[in-house]
Each structure stands twice: as C-alpha cells, then as structure tokens.
Amino acid sequence: QLAQASGLRRRHMAHDAGADLDAIAAVREQFDARYMARDLRGSDSREPIFIVGLPRTGTTLVERILGSHSQVFAAGELNNFAACLSAALADSKPANRLEFIRLSAGIDMEKLGNGYIDSTRPLTGHTAHFVDKLPLNFLYCGLIGKALPRARIVHLSRHPMDTCYAIYKTLFKQAYPFSYDLEELGNYYLAYRELMAHWHQVMPGRILDVQYEQLAANPEQESRRLIDYCGLEWEPACLEFHRSRAPSMTASLAQVRKPFYTSSIGKWQHYREELDPLATKLQRAGIGI
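When we follow our numbering, the leftmost residue of the sequence shown carries the number 84, and every step to the right adds one.
This is the structure we're talking about:
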C-alpha cells in the first residue's frame with residue numbers, strides 16, 4: 084500500500100532525480116580542500132547553530148534539546164541561508180544549478196553571513212544563540228563554514244535503513260521529492276553520505292556528529308556533549324525538552340512531546356522483504372546495515 088501511494092505521488096511530481104545527484108557532485112568539486120583552505124573573511128556572528136542532515140533522523144529532537152536552554156531560541160526550519168545566497172547571485176543570473184554552484188564560490192562571504200543574520204530578525208536576536216534546523220542545509224556546509232565561521236554545525240545521523248524507511252513513509256508537503264521511489268531514495272542517500280564525508284574531510288573539527296541511536300540510549304551524556312560543543316553551560320532543562328510548549332511544524336510534532344524513547348529504532352526490519360532492493364543498494368555501496 085505504501086509503495087502504491089508513493090508511486091502515485093511520484094508520478095505527479097516533475098522532478099529530475101539525476102539533477103540532484105549532479106548538483107551534489109558539483110558541490111563537492113567546487114568546495115574542495117583547496118577552496119576551503121582559502122582565507123576568506125566572514126561574519127563575526129556566533130549566534131547560529133545549524134542542525135543539518137536528512138529529515139526524520141532526530142533533527143527536531145536535537146532542536147528541542149537546544150531550544151530548552153535559556154540562551155538558545157529554536158527558530159525552526161529557516162530557508163534564509165538559501166534565500167540570501169540566491170539574492171547574492173541574482174545579478175549574475177546563473178543559467179542552471181551547476182552554474183549557480185560555481186558562481187556561489189565567488190561571492191562576498193562576509194556579506195552573505197551578515198545578510199543571513201539580518202534576515203532572521205526580528206525572529207531572532209533576543210537570545211545569545213538561535214537554532215536553524217533546516218536539514219537540507221547540509222548542502223551548504225562549505226558556504227556556512229566560510230560565511231559564518233563562528234557558527235556551530237550539528238549533523239544528525241541515524242541507521243541507514245531506519246533513515247530511508249522513515250523518509251519513504253512520510254508524506255511531505257513540498258520538499259524531498261526524491262523520497263517516493265526506493266531507487267531514487269537510495270541514490271540520494273548515498274550522495275548525501277558522500278557529501279557529509281567530504282565536509283568532514285575539508286572542514287575537520289567543524290561539524291559535530293550526533294547519532295540518533297546513541298542520543299536515545301544515553302540522553303544526558305549525548306546532550307551534555309551537544310551543549311558543550313555549542314559553547315554553553317549545562318542546564319537540566321535540556322533534558323525536559325518534551326515539556327516545551329513551543330510549536331512544532333515538522334513531521335515529528337507528536338514525538339517531541341514525549342521524553343526520550345527507543346521504540347522507533349529498527350522499525351525497518353518489519354519490512355525487510357519489501358525494502359530488500361534498497362538494502363542491497365546500500366550494501367553494494369559499502370554501507371553496513
């Protein structure tokens with residue numbers, strides 16, 4: 084039933100899955116070690132904490148943990164960074180996505196960083212830090228690193244098959260068009276993994292990896308590690324995130340009202356037969372499941 088519904092959804096979407104993969108490859112090529120070693124002046128702001136990765140991996144949970152700290156405001160999934168980048172390239176009129184990526188490497192990074200901060204006002208600014216938890220900002224880690232060198236970047240990861248199954252069974256409003264076909268989903272997941280490995284290689288020590296399963300199993304230990312990475316003093320309220328009355332607009336809106344739990348771990352195994360083509364694709368790429 085899920086495959087039937089997802090297939091119907093995919094047939095009604097005009098989406099070039101190959102273009103996504105080409106764009107991710109172009110990002111790796113453009114923002115290589117040589118580029119990332121360049122001394123480019125960026126914004127001095129320490130405010131942003133970016134949470135990146137794929138959807139359904141615990142990004143909302145980590146946002147809630149951070150947002151429960153007195154010095155942090157959870158701003159939600161902001162499209163501001165991509166919007167500011169597009170505005171910076173408006174006069175250049177890039178003909179396509181690949182040219183957009185190439186031209187983005189030459190813009191004024193300080194202007195981009197400060198423009199991003201300004202664009203979040205008046206939503207932000209009343210606390211020392213704010214969280215931008217748009218998962219797809221993983222595409223822009225290189226630009227974030229240059230435009231906002233003092234920003235923190237937290238990368239959420241989860242078991243590969245749990246990640247893909249959770250994405251596949253979610254009906255998104257507009258985003259993530261790759262999520263309705265197991266072949267396309269597998270290809271995108273592999274490209275995402277390759278890009279994140281690239282960022283760690285060219286930006287060593289800049290990105291904190293948080294594994295969802297470890298966070299669920301050792302909530303205080305992992306939460307303290309997260310808070311420490313963000314340069315904050317520990318506050319017990321960070322473990323009481325489920326008591327927050329702040330609204331949530333993501334597919335995790337029900338889960339974040341509960342304390343830490345582990346019942347969502349390993350759910351993909353209930354559908355091993357149906358998900359076998361995806362599992363085989365990941366295993367052939369060297370990813371253990």
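Note that beta-carbon positions come from the ideal geometry of N, C-alpha and C, so glycine has one too.
- In the pairwise beta carbon analysis, the stretch 359-370 is classified as not touching the stretch 182-189: fewer than three pairs are separated by under 8 Å.
- Note that the stretch 203-219 does not touch the stretch 101-115; fewer than 3 beta-carbon pairs, one per stretch, sit closer than 8 Å.
- About 16 Å separates the beta carbon of S126 from that of A166, a gap too long to meet the 8 Å contact definition.
- The DSSP-derived three-state label of F213 is strand.
- Within a 10 Å sphere around the beta-carbon of S151 sit 16 or more other beta-carbons, which makes this residue buried.
- Per the Cβ contact rule, the stretch 223-242 is not in contact with the stretch 262-275 (fewer than 3 Cβ pairs under 8 Å).
- 8 Å or more divides the Cβ of Y275 from the Cβ of L365.
- In the DSSP assignment, the residues bridged to Q294 are S240.
- Taking C-alpha positions only, N301 is separated from H95 by approximately 42 Å.
- Under the Cβ criterion (8 Å, minimum of three pairs), the stretch 114-132 counts as touching the stretch 188-198.
- Per DSSP, reduced to three states, the secondary structure at F164 is helical.
- Under the 10 Å beta carbon count, H353 is surrounded by fewer than 16 other beta carbons and is classified as exposed.
- Between the stretch 141-159 and the stretch 169-181, the count of Cβ pairs shorter than 8 Å is below three; the stretches do not touch.
- Annotated as distal: L239 and Y251, with beta-carbon spacing of 8 Å or more.
- Between the C-alpha atoms of E357 and Y248 there is a straight-line separation of about 11 Å.
- Here F255 carries a coil assignment [DSSP, helix/strand/coil].
- The three-state secondary structure of A173, taken from DSSP, is coil.
- For the stretch 103-151, the continuous beta strand (DSSP E) assignments of 3+ residues that do not extend past its boundaries occur at 131-135, in sequence order.
- Within the same chain, Cβ atoms closer than 7 Å to the Cβ of H98 are found at P260, the five residues on either side in sequence being excluded.
- Relative to the Cα of F133, the nearest Cα in the group R117, E160 and Q294 belongs to E160.
- Here DSSP, grouped into helix, strand and coil, assigns A157 to strand.
- The shortest CA-to-CA distance from R180 to any of S169, I190 and G189 is the one to S169.
- Here DSSP, grouped into helix, strand and coil, assigns R180 to helix.
- Annotation: L219 to L315 spans about 25 Å, alpha carbon to alpha carbon.
- The beta-bridge partner set that DSSP reports for R235 consists of I132.
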